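Colleague:
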Amino acid sequence: MLKNVLFLILCESKTILLILIFYLFSISLTFYNKKFITIYPYPLSITMLHLIVKFLLASFVRGILRIFSKHDRTELCWKDYFRKISPSGITSSLDIGLSNWSFEFITVSLYTMTKSTSIIFILIFAIVFKLEKKGLSIVFIVLFIAGGLFMFTYKSTQFNMDGFMLCLLASFISGIRWTTAQLVTQKSEIGLQNPIDMIYHIQPWMILTLLPLSAWFEGIEIISTKDFFRFSDINDLIINFSTLMSGAMIAFCLECSEYLVITHTSSLTLSIAGIIKEVCVLYLATKINGDQLNNINIIGLSICMLGILLHVAMKIKHNKSVNNVFYNVQRKVRTLSKSMNGLSLSLSDNFSSNHQHSHSASFDSSHSKVC
1 MLKNVLFLIL
11 CESKTILLIL
21 IFYLFSISLT
31 FYNKKFITIY
41 PYPLSITMLH
51 LIVKFLLASF
61 VRGILRIFSK
71 HDRTELCWKD
81 YFRKISPSGI
91 TSSLDIGLSN
101 WSFEFITVSL
111 YTMTKSTSII
121 FILIFAIVFK
131 LEKKGLSIVF
141 IVLFIAGGLF
151 MFTYKSTQFN
161 MDGFMLCLLA
171 SFISGIRWTT
181 AQLVTQKSEI
191 GLQNPIDMIY
201 HIQPWMILTL
211 LPLSAWFEGI
221 EIISTKDFFR
231 FSDINDLIIN
241 FSTLMSGAMI
251 AFCLECSEYL
261 VITHTSSLTL
271 SIAGIIKEVC
281 VLYLATKING
291 DQLNNINIIG
301 LSICMLGILL
311 HVAMKIKHNK
321 SVNNVFYNVQ
331 RKVRTLSKSM
341 NGLSLSLSDN
351 FSSNHQHSHS
361 ASFDSSHSKV
371 C
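Everything in the sequence shown is counted per the UniProt record's numbering, starting at 1 for the first residue and increasing by one.
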């Protein structure tokens, strides 16, 4: 009994620790992006540099894993790389790039609330790709979140249309991104369940997508700026470059921490943790950055969070029904297996009894003939 209690405490402690690590990297990256992009308004170029560093880190970790496991890592053929990875890579790049771009114009609180609407587009595209079934509950969830977002942005003193539209477009693309990513990771024959392998294969597509955009919108500015290429003080360049590298490291660790939470718990746990994280971000945004929220905005926030909670509740209900069906099927299989075993034993006993009876009868017959 004591061992079971200690085991449960250990499991819960591990889950809490993983969620806290996820919070640390996720919240840190949000405020890092806002702070750094506000000072250096080159969001696409900064994002592209982060992608390059993440690709190099994934390559390094894959090499380490190959040495210790003594097994080759997953390598996709060109056909799968183009057909199955490119949609997820292109949409991921646009999602992250536009999200970071919006930080030039909007506050952390508006960014967080707008990005939370990605669940609407994920549900829509999940229905389109037949990963989710249509239902009245999904309509209510979409209305709750959309209505909450409208109230949150209504008469906001810090509202910016350009930043809001960039962030909303990123949320729309995020729906395609995570739906296509789910299609890729759920196909075990592809072999990209490990996030390191997924990062390694998807980053080149993301870099190629963002490269022409960053060159077009920011190329001349970033080449001519004194903060990077035309630096006058080597110490300033080292500080700026180190800050960029730290952001890339945080982004890489965030992706790995998300995977660890899902692996050791479930995607449902990550969804619930994500809701609490957004509340923490909004609270910190008002305290650290001085984001202002009026009463209507707070009501909108509550309605939006309620919609997300409804979505999580529907997932819990769906998981329970699936588990019940699985349990009933498993129980019927066990019952059938026991019945088959009983029937087999019964037939075996009957066969053995008949065989012995036949052998005894033949012996008695032969014995009587001899007499």
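Just so you know, even glycine gets a beta-carbon here, dropped at the ideal spot from N, CA and C. This structure is a prediction, so every number in the text was calculated from the model and none was measured.
According to DSSP, simplified to helix, strand and coil, what is residue 297?
Modeller: helix
Colleague: Please report the distance separating the alpha-carbon of residue 39 from that of residue 240.
Modeller: 11 Å
Colleague: Taking the C-alpha atoms as reference points, what is the distance between residue 322 and residue 141?
Modeller: With a pLDDT of 49 at residue 322, under the threshold of 50, the predicted position of this residue should be treated as unreliable, though the coordinate-derived value follows. One C-alpha to the other measures close to 21 Å.
Colleague: Can you find at least 3 beta carbon pairs, one from the segment 278-288 and one from the segment 24-44, that sit closer than 8 Å?
Modeller: yes
Colleague: Please classify residue 159: does DSSP put it in a helix, a strand, or coil?
Modeller: coil
Colleague: Alpha carbon to alpha carbon, how far is residue 148 from residue 301? Give it in angstroms, no decimals.
Modeller: The straight-line gap from Cα to Cα measures roughly 6 Å.
Colleague: Could you check what DSSP says for residue 34 in three-state terms: helix, strand or coil?
Modeller: helix
Colleague: Is the Cβ-Cβ distance between residue 96 and residue 175 less than 9 Å?
Modeller: no
Colleague: Hey, residue 405 and residue 44 are a contact pair by Cβ (cut 8 Å); roughly how many whole angstroms apart?
Modeller: The structure shown does not extend to residue 405, since the chain spans only 1 to 371, so no value can be given for it.
Colleague: From 128, 197 and 113, pick the residue whose C-alpha is nearest to that of residue 299; which is it?
Modeller: 113
Colleague: For the alpha helix (DSSP H) holding residue 210, just list the boundary residues, first then last.
Modeller: For residue 210, the uninterrupted alpha helix (DSSP H) segment begins and ends at 195-224.
Colleague: Are the segment 99-106 and the segment 200-209 touching by the rule of at least three beta carbon pairs closer than 8 Å?
Modeller: no
Colleague: What's the gap between the Cα of residue 20 and the Cα of residue 34?
Modeller: 21 Å
Colleague: Can you list, in chain order, the residues of its chain with a C-beta nearer than 7 Å to that of residue 52? Leave out the 5 residues immediately preceding and following it.
Modeller: 207
Colleague: Could you check if residue 110 is buried or exposed, using at least 16 other CB atoms within 10 Å of its CB as the buried criterion?
Modeller: It is buried - the Cβ of residue 110 has at least 16 other Cβ atoms within 10 Å.
Colleague: I need the straight-line Cα distance from residue 130 to residue 144, nearest angstrom please.
Modeller: 23 Å
Colleague: Would you call the CB atoms of residue 88 and residue 170 closer than 9 Å?
Modeller: In this structure, residue 88 sits away from residue 170, with a CB-CB distance that is not shorter than 9 Å.
Colleague: Exposed or buried, which one is residue 297 when buried takes at least 16 other CB atoms within 10 Å?
Modeller: buried
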